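Presented below is the structure to which this report refers.
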Amino acid sequence: MQLKFSMKQTWILFTVLIISITLMSCDEDPYYFEDDFSTVPAPYDTTSAQRIIKDNGLKIYI
1427 MQLKFSMKQT WILFTVLIIS ITLMSCDEDP YYFEDDFSTV PAPYDTTSAQ RIIKDNGLKI
1487 YI
């Protein structure tokens, strides 16, 4: 048994497939959460950091 599809049937099938995939991928993500910055620590104070320059040119801030 051999299946025969015309060009029109193939085009309709392809179009329906693409539209279905596009519509399914447009749903909202159920695992999306807003960013919570309430637990982020305060930034470090770098104004009083000491700079040490090693012999090889490496700069270290303490």
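Numbering follows the working numbering, with no gaps: position 55 of the sequence shown is 1481.
Glycine included, each C-beta is placed from N, C-alpha and C at the ideal position.
Here the structure is a predicted model, which means the values were calculated and not measured.
Quick test of your reading: residue i and residue j, contact by CB under 8 Å. State the CB separation rounded to the nearest angstrom.
i: R1477; j: Y1487; result: 6 Å
Per DSSP, which residues does residue i bridge with? Please list them.
i: F1487; result: Checking the sequence, you will find Tyr at residue 1487 rather than Phe. In DSSP, Y1487 forms a bridge with R1477.
Rounding to the nearest angstrom, what Cα-Cα distance links residue i and residue j in this structure?
i: Y1457; j: M1450; result: 16 Å
i: L1443; j: Q1435; result: 12 Å
i: D1461; j: D1481; result: 43 Å
i: L1439; j: D1455; result: 27 Å
i: F1459; j: I1445; result: 28 Å
i: L1429; j: F1463; result: 59 Å
i: W1437; j: F1431; result: 10 Å
Out of the options, state which residue places its alpha-carbon closest to the alpha-carbon of residue i.
i: A1475; options: V1466, P1467, K1485; result: K1485
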